[in-house]
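Here the structure is laid out as structure tokens; the discussion comes afterwards.
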Amino acid sequence: MITVQLKPKKEESLLRFHPWVFSGAIQRIEGKPAEGELVKVVDANRNFLAVGHYQIGSIAVRVVSFVDEKIDEKFWDTKIQRAYSMRKSLGLIAENNNTYRLVHGEGDTLPGLIIDVYDDTAVMQAHSIGMHEMKDVLAKSIVRNIPEVKNVYYKSETTLPFKAAINPEDGYLIGKESIDLNAIENGLKFQVDWLKGQKTGFFVDQRENRSLLERYSKGKSVLNMFCYTGGFSVYALRGGATLVHSVDSSAKAIDLTNKNVEVNFQVDSRHAAFAEDAFKYLNNLHELEQKYDVIVLDPPAFAKHRDALRNALKGYKRLNAKAFEQIKPGGILFTFSCSQVVNKDQFRLAVFSAAAESKRNVRILHQLSQPADHPINIYHPEGEYLKGLVLWVE
Ligand code: SAH
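Using the working numbering, the letters of the sequence shown correspond one by one to residues -2 to 391.
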């Protein structure tokens, strides 16, 4: 294994189990590792620190082990088994819930790897070349260790660095398209389309937050803005909402939402879905004089990089200001940000500014985050990305 030696004093973050080695911390590389190759990281005095996947870029090594051990099939099996047994022990894999995230990157000490499970199919996504290289070993390990999973679909065409020129192809590594896939989340059925859908086909990370919406939906009119597959809408309907409007700019998302309402409730006259831009929809409500008791705002990440932070914060403020204008007195606003570069305080400040502008009396009822199958490695705080506020608006 090629050795990567760090500059003096650059070992500190690794001694605290942070799983990344930045290129600026490296003194020298003994040899020429290929991208994705496993390398051994040592300090300036050549003491062992970690083993990880090498890649060209600002994060040069993503650590898979802090122990000097053999990285073989058994090693990957143990990682998958640990991820699975945690979800199982937390009750996330049960008869009424077979939709869950099995591996959440650094949160499961597997940097660069995401695996979501839908019934008998696992959808795997590599964000690093090292994990891309491991895809077949990982797929076999999933099927060997997870009794329910029969098919593994690989979807990394858009998540791997473009410059690496590895041209990953999406497709089934094991098994094939499940003809009677029955993805269930908290007893609700969902059609998941990983072939054409966003990310792995479904946003598993909002499961608990959707449940909370269900609790507050009885007798309420609900607007689910940025609905995608209609997750929040279906929970609101089961919770006894009197009316649910789902909005997304993508026509495909609206189709999926309508399908998901249908598979759970057949025809439901309480629900209507609109393919429309969020701001346009919210602006037009003035004319329609339509107001809602509950509004959900779950937009895509407004900032994907640090440079976009200022504009993203402005975007969150503008969007939330619109919701404060359109929500009924005694209304409940569920507002989210999934931008990793926007932290909890910055997001709260953006929502605070929007609230102040509306001059309405606003109270924080809940501060939401990501669920247990999207764990945050305590040594890698960057893994915290989903933030939500539930507000009482008078
Ligand atoms: N709430 C969803 C996930 C939302 S993902 C869930 O629980 O699964 C973000 C969605 O916002 C995507 O479906 C995307 O099509 C939609 N979107 C992006 N820009 C938009 C815009 N300007 N107006 C309305 N929808 C938009």
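Cβ atoms here follow ideal geometry from the backbone N, Cα and C, with glycine treated the same way.
Proximity below 9 Å, CB of residue i to CB of residue j
i: Ile126; j: Gly33; result: yes
i: Lys37; j: Ala22; result: no
i: Leu386; j: Phe321; result: no
i: Gly227; j: Val258; result: yes
i: Trp389; j: Leu362; result: yes
i: Thr96; j: Asp117; result: no
i: Val348; j: Ala300; result: no
i: Lys341; j: Glu286; result: no
i: Asp290; j: Gly327; result: yes
i: Leu365; j: Asn261; result: no
i: Ala66; j: Ser138; result: The sequence given here places Glu at residue 66; Ala does not occur at that position. No, the Cβ-Cβ distance between Glu66 and Ser138 is not below 9 Å.
i: Lys288; j: Lys325; result: yes
i: Val61; j: Leu89; result: no
i: Pro296; j: Phe333; result: yes
i: Phe223; j: Ala275; result: yes
i: Lys314; j: Ser336; result: no
i: Leu12; j: Ala41; result: no
i: Gly194; j: Leu135; result: no
i: Leu279; j: Lys311; result: no
Rounded Cβ spacing between residue i and residue j (contact assumed at less than 8 Å)
i: Asp202; j: His371; result: 5 Å
i: Phe14; j: Tyr376; result: 4 Å
i: Asn183; j: Ser208; result: 6 Å
i: Gly104; j: Asn374; result: 5 Å
i: Ile53; j: Asn142; result: About 32 Å separates the two Cβ atoms, so there is no contact after all.
i: Lys186; j: Asn148; result: No, Lys186 and Asn148 are not in contact; Cβ-Cβ is about 18 Å, not under 8 Å.
Reference residue i, options the options, closest by Cα
i: Gly109; options: Pro16, Ala238, Arg360; result: Pro16
i: Glu391; options: Phe187, Val359, Tyr382; result: Val359
i: His242; options: Leu294, Ser208, Trp191; result: Leu294
i: Tyr169; options: Tyr151, Gln364, Ala47; result: Tyr151
i: Ser175; options: Lys186, Pro158, Val146, Arg13; result: Val146
i: Ile26; options: Arg43, Arg13, Leu11, Leu12; result: Arg43
i: Ile56; options: Asn93, Ser214, Val18; result: Val18
i: Glu154; options: Ser334, Trp191, Leu240; result: Trp191
i: Ser266; options: Asn255, Glu379, Pro5; result: Asn255
i: Leu46; options: Ser350, Lys311, Pro30, Thr0; result: Thr0
i: Phe229; options: Gly194, Gln195, Lys196, His268; result: His268
i: Met(-2); options: Val48, Leu11, Lys193; result: Val48
i: Met384; options: Gln122, Val231, Ala298; result: Met is not the amino acid found at residue 384; the sequence shown has Lys there. Of Gln122, Val231, Ala298, the residue nearest in Cα terms is Ala298.
i: His129; options: Asp167, Asn94, Arg98; result: Asp167
i: Asn221; options: Thr75, Ala305, Glu9, Ala272; result: Ala272
i: Tyr171; options: Met121, Asp177, Ser214; result: Position check: residue 171 holds Ile in this sequence, whereas Tyr was assumed. Checking every option, the nearest Cα to that of Ile171 belongs to Met121.
Alpha-carbon spacing of residue i relative to residue j, whole angstroms
i: Val100; j: Leu107; result: 7 Å
i: His124; j: Met131; result: 12 Å
i: Val219; j: Val114; result: 29 Å
i: Ser20; j: Val39; result: 14 Å
i: Leu157; j: Val64; result: 27 Å
i: Leu210; j: Ala233; result: 6 Å
i: Ser246; j: Ala270; result: 11 Å
i: Asn164; j: Gly198; result: 21 Å
i: Ile292; j: Val244; result: 11 Å
i: Val264; j: Thr239; result: 14 Å
i: Pro144; j: Ala119; result: 12 Å
i: Glu379; j: Gly102; result: 11 Å
i: Ser86; j: Asp133; result: 27 Å
i: Leu282; j: Gln323; result: 7 Å
i: Lys29; j: Gln343; result: 42 Å
i: Ser355; j: Ile181; result: 39 Å
i: Phe200; j: Arg357; result: 31 Å
i: Glu92; j: Tyr225; result: 25 Å
i: Arg212; j: Val231; result: 12 Å
i: Val58; j: Gln188; result: 37 Å
i: Arg303; j: Phe159; result: 20 Å
i: Arg307; j: Ala80; result: 36 Å
i: Asn140; j: Arg204; result: Position check: residue 140 holds Val in this sequence, whereas Asn was assumed. Spanning the two alpha carbons is a distance of roughly 25 Å.
i: Met83; j: Thr75; result: 12 Å
i: Ser214; j: Ala352; result: 22 Å
i: Ala305; j: Lys196; result: 21 Å
i: Gln24; j: Ile68; result: 24 Å
i: Arg98; j: Glu284; result: 42 Å
i: Ser10; j: Ala309; result: 29 Å
i: Asn94; j: Pro5; result: 49 Å
i: Ile329; j: Lys277; result: 21 Å
i: Ile251; j: Asp177; result: 22 Å
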